[in-house]
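Using our numbering, the letters of the sequence shown correspond one by one to residues 1249 to 1592. Here's the structure, in structure tokens; my notes come after.
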Amino acid sequence: MSSDSEKNIYILGIESSCDDTSAAVIRDGVLLSNVIASQSVHEEYGGVVPELASRAHQQNIVPVVDTALRRAGIAKEQLSGIAFTRGPGLLGSLLVGTSFAKGMSLGLRIPLLDVNHLHGHVLSHFIRTQADDRVPQFPYLCLLISGGNSQLILVRAYNDMEVLGATIDDAAGEAFDKCAKVMGLPYPGGPHIDRLAAQGNPEAFKFARPRIAGLDYSFSGLKTSFLYTLRDAMRTDPQFIEKNMADLAASLQHTIIAILLDKLDKAVRQTGVRTVAIGGGVSANSGVRAAIQAYCDAHGLQAFIPSRTFTTDNAAMIAMAGYYKYLDGIFCRYDSVPFARVEV
Ligand code: KG4
């Protein structure tokens, strides 16, 4: 059983699943440093180029880890364990962090802790910058929404999670990004839709909503419906997109939020949990954050909305998840290899 009473446990977290190289240090669950090197090399390609991402991780990892240790004010010999993202993600990118973490753990003779990236997002609510920061009580429901995943997860304990529902096709972030691309917006489109939506009418356009039984999500129908709406309207008015940017963005965001909340509400009713958290890149969306807070307020539930720093990929959440594995004595073997696809 985990206990927060241990003292002076220093965990280094390493995250390299996609296009951010990040390292963080925590002491007894409190964040000391979190360094993120983002890769601008992908911008001109309109998406992440896996080979370029791996090379950039190779260049970034030593200075990023070094800076994280320096900012934490500790020497590497003080570390108690090394946590790293084992997957899901881009294999070449994951290999950089995995190999580095293995080498450092072997060299320092301290435990190696493998972390599922998605569990990191789920546990990001436990990242404390001060010892008395508010954290969720178990059990809680986490709506994990990112560029690659949309999942409803029942979290019973730090190392006990159950996926109740997941997307059967596109993730919520993909819906934002692909629709934004159709509108001619740069990648990733999610933040642009968010900004434009603030000035638009969410009821201006109606898009298809999925009818899927249970707690699974689907966003591919919405994407097609969005594409066809624009294609049909452009036949009569070639300036349609330019003229309706804000309303299109607001209506798209409104539909995505409605789809997310529909299944979340079902999951809350099924499980009876009283605490709801969100995580992943899409949880940075202003409309999503406001809607989750409003839903929780209306139903007397506790809402946990992460600070925007911890919605995107970061090593603080990996260090945090690794810390709880350390406390529970769940260590990683040196012959463990990264995994690219979701493993639950
Ligand atoms: O978790 P994340 O950083 O990494 C991946 O899963 O790749 O999520 C990235 C996703 C992208 O689809 C991006 O467009 C979306 O999060 N995103 C947003 C916002 N900020 C990031 N979507 C909507 N509104 C935002 N403000």
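Even for Gly, the Cβ is constructed at its ideal location relative to N, Cα and C. If you're wondering where the values come from, they're calculated on a predicted model, not measured in any experiment.
Expressed to the nearest angstrom, what Euclidean distance is found between the alpha-carbon atoms of residue i and residue j?
| i | j | result |
| --- | --- | --- |
| Pro-1298 | Cys-1266 | 8 angstroms |
| Ile-1578 | Ala-1538 | 37 angstroms |
| Arg-1376 | Ile-1441 | 30 angstroms |
| Gly-1548 | Thr-1519 | 15 angstroms |
| Arg-1303 | Val-1344 | 9 angstroms |
| Val-1289 | Val-1296 | 9 angstroms |
| Cys-1580 | Ser-1347 | 13 angstroms |
| Glu-1422 | Lys-1511 | 18 angstroms |
| Leu-1356 | Ala-1272 | 17 angstroms |
| Asn-1492 | Met-1482 | 11 angstroms |
| Gly-1321 | Gly-1437 | 37 angstroms |
| Gly-1528 | Gln-1487 | 34 angstroms |
| Asp-1485 | Gly-1469 | 24 angstroms |
| Asn-1407 | Ile-1401 | 12 angstroms |
| Arg-1522 | His-1367 | 20 angstroms |
How is the alpha helix (DSSP H) around residue i delimited, first residue to last?
| i | result |
| --- | --- |
| Cys-1544 | 1534–1547 |
| Asp-1381 | Here Asp-1381 belongs to no alpha helix (DSSP H), and DSSP marks it neither H nor E. |
| Glu-1490 | 1488–1491 |
| Ala-1564 | 1563–1576 |
| Val-1344 | 1339–1356 |
Note the first and the last residue of the continuous beta strand (DSSP E) segment covering residue i.
| i | result |
| --- | --- |
| Ile-1375 | Looking at the DSSP string, Ile-1375 is not in any beta strand (DSSP E), and its letter there is neither H nor E. |
| Leu-1280 | 1278–1286 |
| Gln-1550 | 1550–1552 |
| Gly-1432 | It is not in any beta strand (DSSP E) - Gly-1432 carries neither H nor E in the DSSP assignment. |
| Tyr-1582 | It is not in any beta strand (DSSP E) - Tyr-1582 carries neither H nor E in the DSSP assignment. |
| Arg-1275 | 1268–1275 |
| Val-1363 | 1360–1364 |
Secondary structure at residue i, three-state DSSP: helix, strand or coil?
| i | result |
| --- | --- |
| Ile-1393 | strand |
| Tyr-1388 | strand |
| Phe-1332 | strand |
| Gln-1399 | strand |
| Leu-1463 | coil |
| Leu-1308 | First, the amino acid is wrong: residue 1308 is Asn here, not Leu. Reduced to three states, the DSSP call for Asn-1308 is helix. |
| Val-1592 | Annotation note: pLDDT 48 at Val-1592 (below 50); position unreliable, coordinate value reported separately. Of the three classes helix, strand and coil, the one that applies to Val-1592 here is coil, per DSSP. |
| Ala-1481 | helix |
| Ala-1446 | coil |
| Ala-1456 | coil |
| Glu-1291 | helix |
| Ile-1505 | helix |
| Ser-1473 | helix |
| Ile-1301 | Ile is not the amino acid found at residue 1301; the sequence shown has Ala there. In this structure, Ala-1301 counts as helix in the three-state DSSP scheme. |
| Ala-1316 | helix |
| Ser-1499 | helix |
| Ile-1441 | helix |
From the DSSP output, which residues share a beta bridge with residue i?
| i | result |
| --- | --- |
| Met-1409 | Val-1403 |
| Thr-1523 | Gln-1550 |
| Ile-1259 | Ile-1274 and Gly-1329 |
| Thr-1415 | Tyr-1465 |
For residue i, is the beta carbon positioned less than 7 angstroms from some heavy atom of the ligand ZN?
| i | result |
| --- | --- |
| Val-1370 | Within the structure as shown, the ligand ZN is missing, the only ligands being the ligand KG4. |
Looking at chain D, is there any beta carbon in it that lies within less than 8 angstroms of the beta carbon of residue i?
| i | result |
| --- | --- |
| Arg-1275 | Among the chains of the structure shown, chain D does not appear; only one protein chain is present. |
Taking contact to mean 3 or more Cβ pairs, one atom from each stretch, closer than 8 angstroms, check whether the segment 1430–1450 and the segment 1495–1507 are in contact. yes
Validate contact between the segment 1503–1520 and the segment 1454–1466 using beta carbons, cut 8 angstroms, 3 pairs = yes
The segment 1455–1471 / the segment 1402–1414 touching (three or more Cβ pairs under 8 angstroms):
yes
Check whether the segment 1338–1350 and the segment 1254–1274 are in contact - that is, three or more C-beta pairs closer than 8 angstroms. yes
Q: Determine contact between the segment 1563–1580 and the segment 1256–1263, defined as no fewer than three beta-carbon pairs at a distance below 8 angstroms.
A: yes
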